Amino acid sequence: MAAPAEAQKYIQLAKKLPKQLLSFFKQFPPNTPRPTTAASNAPESPHANNPFLAASPLTNPTYNPFLPWRNPVTGKWRPPMVSLRRQAELCKLARGHGVEELLPFSKKQSFVRDAVKEEGLKVRGTGVGQRVKGKAWERTLKGRLEKRRQAMLGMEKMVEQWEQRGHGRGWKKWPK
Numbered sequence: 001m002a003a004p005a006e007a008q009k010y011i012q013l014a015k016k017l018p019k020q021l022l023s024f025f026k027q028f029p030p031n032t033p034r035p036t037t038a039a040s041n042a043p044e045s046p047h048a049n050n051p052f053l054a055a056s057p058l059t060n061p062t063y064n065p066f067l068p069w070r071n072p073v074t075g076k077w078r079p080p081m082v083s084l085r086r087q088a089e090l091c092k093l094a095r096g097h098g099v100e101e102l103l104p105f106s107k108k109q110s111f112v113r114d115a116v117k118e119e120g121l122k123v124r125g126t127g128v129g130q131r132v133k134g135k136a137w138e139r140t141l142k143g144r145l146e147k148r149r150q151a152m153l154g155m156e157k158m159v160e161q162w163e164q165r166g167h168g169r170g171w172k173k174w175p176k
């Protein structure tokens, strides 16, 4: 008896979903493998003997429309069936209706985005005994400031030497 009640719950949920999600779930049902062409009861395709024409991502039950697909016969890659923009839209809609976990894996899902944010916050060089590389001017700043400080401390001595050598003749000392 639990099965019909659960089915009714899913039917009610499906009635509340937007058209975009319904059409996506119709084409790619969640968590159910699609039958391959050989296992289906449908009549054989006229291209069944030609492996180049029979190879399709839709014949693969584990196909994810959000990821690129490699043709097993030709070895060539084809782009994802669903663009990144549309993936983001579907994930937002599914998240809003509480069915995001039914979608196939995508970079646009909230748990993936959160994991990427966490990984991105880690800065190399912030651990114990590590230094952050920084810019060249940041790395040499301490040395330059120390050199400048030492020069300021020795400034009086430098001025005296300058005047002793005669380089310090100002305009007041010039003959009239």
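When the count follows full-length UniProt numbering, it moves up by one through the sequence shown with no breaks and lands on 176 for the last residue. Where a beta carbon is used, it is the ideal one built from N, C-alpha and C, also for glycine. Predicted model, so just to flag it, every value in this text is computed and none were measured.
Distance, glutamate 156 Cα to lysine 133 Cα
37 Å
Specify whether the segment 99-106 and the segment 12-32 touch according to this definition: at least 3 beta carbon pairs, one from each stretch, less than 8 Å apart.
Counting Cβ pairs under 8 Å, three or more are found: they touch.
Between the segment 111-121 and the segment 70-87, can you find at least three pairs of beta-carbon atoms closer than 8 Å?
no
Give every residue of the same chain whose Cβ lies closer than 7 Å to the Cβ of alanine 88, excluding the five residues on either side of it in the sequence, and list them in chain order.
Lys108
Assigned exposure category for leucine 22 - 16 Cβ within 10 Å defines buried
exposed
For glutamate 6 and tyrosine 63, what's the separation of their Cα atoms in angstroms?
27 Å
Identify the continuous alpha helix (DSSP H) that holds serine 23 and give its terminal residues.
That run of the alpha helix (DSSP H) goes 19-27.
Based on the DSSP output, what are the partners of arginine 70 in its beta bridges?
Trp77
Which of the three DSSP states is assigned to glutamine 8 in this structure?
It is helical.
Does the beta carbon of proline 18 come closer than 8 Å to any beta carbon on chain B?
Here there is only one protein chain, and chain B is not present.
Given this structure, state the Cα-to-Cα distance separating lysine 9 from threonine 74, to the nearest angstrom.
Roughly 44 Å between the two C-alpha positions.
What's the C-alpha gap between phenylalanine 66 and proline 104?
7 Å
In three-state terms, what does DSSP make of arginine 144?
Helix.
Report yes if the C-beta distance between leucine 93 and proline 18 is below 8 Å; otherwise report no.
yes
What is the DSSP secondary structure of lysine 117, counted as helix, strand or coil?
helix
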